[in-house]
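Enquirer: Heads up: the sequence lines are chains A and Y, in that order. Just so you know, we're using the working numbering here: the first sequence kicks off at 1 and counts up by one. Just so you know, we're using the working numbering here: the second sequence kicks off at 1001 and counts up by one.
Protein chains: 2
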Amino acid sequence: MEQRISLVTLGVNDLATSKRFYIDGLGWKPAFQNKEIMFFQTGGMVFALFLRDHLAAELKADPGTFGRAAITLAYNVREKSEVNPLIKRAVAAGATILLPAREAPWGGYSGYFADPDGFAWEVAWNPAWRFAPDGSVEFRPNT
Amino acid sequence: MEQRISLVTLGVNDLATSKRFYIDGLGWKPAFQNKEIMFFQTGGMVFALFLRDHLAAELKADPGTFGRAAITLAYNVREKSEVNPLIKRAVAAGATILLPAREAPWGGYSGYFADPDGFAWEVAWNPAWRFAPDGSVEFRPNT
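(1) So, with DSSP's three-state summary, where would you put V1077(Y)?
(2) Can you list, in chain order, the stretches of the alpha helix (DSSP H) that have 4 or more residues and sit fully within the stretch 95–139 of chain A?
(3) Using alpha carbons as the reference points, say which of T9(A), F21(A) and K29(A) lies closest to L51(A).
(4) Could you say which of D117(A), G108(A) and G118(A) lies nearest to W129(A) if we only look at CA atoms?
(5) Between G1(A) and L1026(Y), how many whole angstroms is the CB-CB distance? I'm expecting something under 8 Å.
(6) Pull up the CB-CB distance for S1110(Y) and V1091(Y), whole angstroms please, since I reckon it's below 8 Å.
(7) Can you list, in chain order, the stretches of the alpha helix (DSSP H) that have 4 or more residues and sit fully within the stretch 1019–1076 of chain Y?
(8) With a threshold of 8 Å between beta carbons, is Y1075(Y) in contact with chain A?
(9) With a cut-off of 8 Å on the beta carbons, I'd call F21(A) and D115(A) a contact; round off their distance for me.
(10) Between the Cα of E1055(Y) and those of L1007(Y), G1011(Y), F1131(Y) and A1093(Y), spot the shortest distance and give me the residue it belongs to.
(11) Who are the near neighbours of F39(A) in its chain, counting only those whose CB is closer than 8 Å to its CB and skipping five residues on each side?
(12) Taking the alpha-carbon positions, what's the F139(A) to Q3(A) distance?
(13) Using a cut-off of 7 Å between C-beta atoms, extract the partners of W1028(Y) located in chain A.
(14) Keeping to the same chain, check which residues put their C-beta closer than 7 Å to that of L1098(Y); ignore five residues upstream and five downstream.
(15) Under a CB-based cut-off of 8 Å, is R1102(Y) close to chain A?
Structure follows, in structure tokens:
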């Protein structure tokens, strides 16, 4: 097995709300969308927003068993000064603040917001990680 | 804002169990680990397993509010024949089957397992996506 994630799929309540947030608000461009799913190319991975009930059906699960996800997604930025404007933009697009940006105990600067379906996103500046020109990150110091 | 995810963090109950599954079972190699978190480099992204209670504390949330995540992660493979052996390996490592592999309505072949904390992973062969030598995927046909 190689070491990667090919696709991250979030179960959402309705795609119109997701579109307003991710497309109209954050400016992401979908690679494909229909009435049940939207796909976004994200680096070497794909990010999908899929109707929650359809996600449950795919897993043959009861959607009523879904709760608050013990998961966070992070969007790392190159400069510390990018953190607050990005969180502000997310809030303007419909996000709620989970934790205002602060000097983090691990040496960076970060805050968290919840997207319209409650999924937690961290916006982080981490000076200890290597940031490539294409936006990919590596768990090792900048050299 | 660029279009990417820098880090996916799953909140787990205990790291010894996570280690048995992801490291001993699936063969993933951590870039870093301590008593509360493990990081894995995954392509241009980082994947983290973080103690659930610490994740809750980070978000200033009550860990009791966490439930089943309406999220799936997918691991795409190059060949259809890789799907079943990989699911079998995951089960041997402690996963439970959520959906046995089947011909998927979207034209590929896939199945789902839950990791020891219940997070859903799909193992998928999708002939409609472009698969790069480094394992990254693109939402567009192979050419």
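C-beta atoms are modelled at their ideal positions from N, C-alpha and C, and glycine is treated no differently.
Expert: In short:
(1) To locate residue 1077(Y), count along the second sequence from 1; it is residue 77. V1077(Y): coil per DSSP, three-state reduction.
(2) none
(3) Against the first sequence, residue 51(A) aligns to sequence position 51. The shortest Cα separation from L51(A) among T9(A), F21(A) and K29(A) belongs to T9(A).
(4) Counting from 1 along the first sequence, the entry for residue 129(A) is found at position 129. Closest option to W129(A), Cα to Cα, is G108(A).
(5) As a first step, residue 1(A) must be located in the first sequence, where it is residue number 1. As a first step, residue 1026(Y) must be located in the second sequence, where it is residue number 26. With the sequence shown as reference, residue 1(A) is identified as Met, and Gly is not the correct amino acid for it. That belief holds up - the Cβ atoms of M1(A) and L1026(Y) are roughly 5 Å apart, short of 8 Å.
(6) Residue numbering aside, residue 1110(Y) sits at position 110 when the second sequence is read from its first letter. Residue numbering aside, residue 1091(Y) sits at position 91 when the second sequence is read from its first letter. 15 Å between Cβ atoms; not a contact.
(7) 1052–1058
(8) Within the second sequence, the letter at position 75 stands for residue 1075(Y). Yes, Y1075(Y) counts as interfacial toward chain A.
(9) As a first step, residue 21(A) is located in the first sequence; it is residue number 21 there, counting from the start. As a first step, residue 115(A) is located in the first sequence; it is residue number 115 there, counting from the start. Going by Cβ atoms, the distance from F21(A) to D115(A) rounds to 6 Å, so yes, they are a contact pair.
(10) For the purposes of this step, residue 1055(Y) is identified with residue 55 of the second sequence, where counting begins at 1. Looking at the sequence provided, one finds Leu at residue 1055(Y) rather than Glu. Per the Cα distances, G1011(Y).
(11) Here residue 39(A) corresponds to residue number 39 of the first sequence, with the count starting at 1. Here the set comprises P30, A31, F32, Q33, V46, F47 and A48.
(12) Taking the first sequence and counting its residues from 1, the one referred to as residue 139(A) is at position 139. Taking the first sequence and counting its residues from 1, the one referred to as residue 3(A) is at position 3. If you take the alpha carbons of F139(A) and Q3(A), they lie about 14 Å apart.
(13) Stepping through the second sequence from its first residue, residue 1028(Y) is reached at position 28. Here the neighbours are Q3.
(14) Locating residue 1098(Y) in the second sequence gives position 98, where the first residue counts as 1. Taken in chain order, the residues that qualify are Y1112, F1113, A1114 and A1120.
(15) Taking the second sequence and counting its residues from 1, the one referred to as residue 1102(Y) is at position 102. Not closer than 8 Å to any Cβ of chain A, the Cβ of R1102(Y) fails to qualify, so no.
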